[in-house]
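Numbering (the numbering used here), first residue to last: 3 to 271.
Right, here's the structure in full:
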């Protein structure tokens, strides 16, 4: 299995955190199960080889998109594939959705529209060009130019809210929301409304999800106990940590950090 990231061009770094690639050749007929977890950021996802089925809560399966947008989410999803696969992703800051695409982030929360539905004919064209690209460098270039066109067409200037959301991410969800609201020179109600529009979630829920993501980043750090990870990531106690972790990932943290959780193989790549 191969997983790696590619930094964005400097002019897009305000909106794109990084590009990523996940590729795998399945051994024999054994299927691969993948799990996405709660995340405060949205992604553009292109399956340039193979196609996953989503495993629904009912246990039934339905075909996922070939290319689409995975909105910021507050829960996990499960997917399965029975063939070799390759995925190219674009990991966005949450405010990139309204700033570049003209859609409030809240409308995309917990949603996974395909590109044709979300962008219309332009989405179909982008999907075809990315799928036919000869390599990952070309894919990154095609998507970068598409995003530049979005910037020229409808960029929204909301520096105060962008800065606040960025501060929550950089602080791993530990920034004090009242302090950030005061810095934005908005009333509490105005602040919460703008934060929801540009992040997709309330300030409190967004901070919880970012804190959870900070805990995920400790995967592979065998020198720390679960209690140490919990306290370092700002959880009041281990039970609070376990509650949030199970809600956002579907796994107990002990299972995840042991390396035995479903869909965690790419983290060892």
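All residues carry an ideal CB built from backbone N, CA and C; glycine is no exception. Computed from a predicted model, the values in this text were never measured in an experiment.
Item                                                                                                                                   : Value
Three-way DSSP call (helix, strand, coil) for residue 230 in this model                                                                : helix
Classification of residue 6 by the beta-carbon crowding that lies within 10 angstroms, buried from 16 upward                           : exposed
Three-state secondary structure assigned by DSSP to residue 63                                                                         : strand
C-beta contact flag for residue 95 and residue 19 at 8 Å                                                                               : yes
For residue 40, the first and last residue of its enclosing beta strand (DSSP E)                                                       : Element bounds for residue 40: n/a, residue is neither H nor E.
Proximity winner among 215, 136, 242, 163, relative to residue 194 (alpha-carbon distances)                                            : 163
Contact check, residue 102 vs residue 70, beta carbons under 8 Å                                                                       : no
Alpha-carbon to alpha-carbon, residue 79 and residue 33                                                                                : 17 Å
Candidates 252, 196, 180, of which the one nearest residue 100 by Cα                                                                   : 196
C-beta contact flag for residue 250 and residue 77 at 8 Å                                                                              : yes
DSSP state of residue 105 mapped onto helix, strand, coil                                                                              : coil
Burial state of residue 234, where buried means 16 or more other Cβ atoms lie within 10 Å                                              : exposed
Residue burial classification, residue 17 (beta-carbon count within 10 angstroms, cutoff 16)                                           : buried
6 Å CB neighbourhood of residue 120 in its chain, flanking five on each side removed                                                   : 71
Rounded straight-line distance, which links the Cα of residue 28 to that of residue 141                                                : 23 Å
Beta-carbon proximity of residue 54 to residue 82, cut-off 8 Å                                                                         : yes
Residues near residue 240 in its chain [Cβ-Cβ closer than 7 Å; skip 5 each side]                                                       : 228, 229, 232
Contacts around residue 177, its chain only, beta-carbon distance under 7 Å, and the 5 residues preceding and following it disregarded : 169, 170
Nearest-angstrom Cα separation, counted from residue 58 out to residue 180                                                             : 38 Å
Residue 54, DSSP secondary structure in three states                                                                                   : coil
Backbone CA spacing between residue 13 and residue 145 [nearest angstrom]                                                              : 13 Å
Proximity of residue 89 and residue 47 at Cβ, strictly below 8 Å                                                                       : yes
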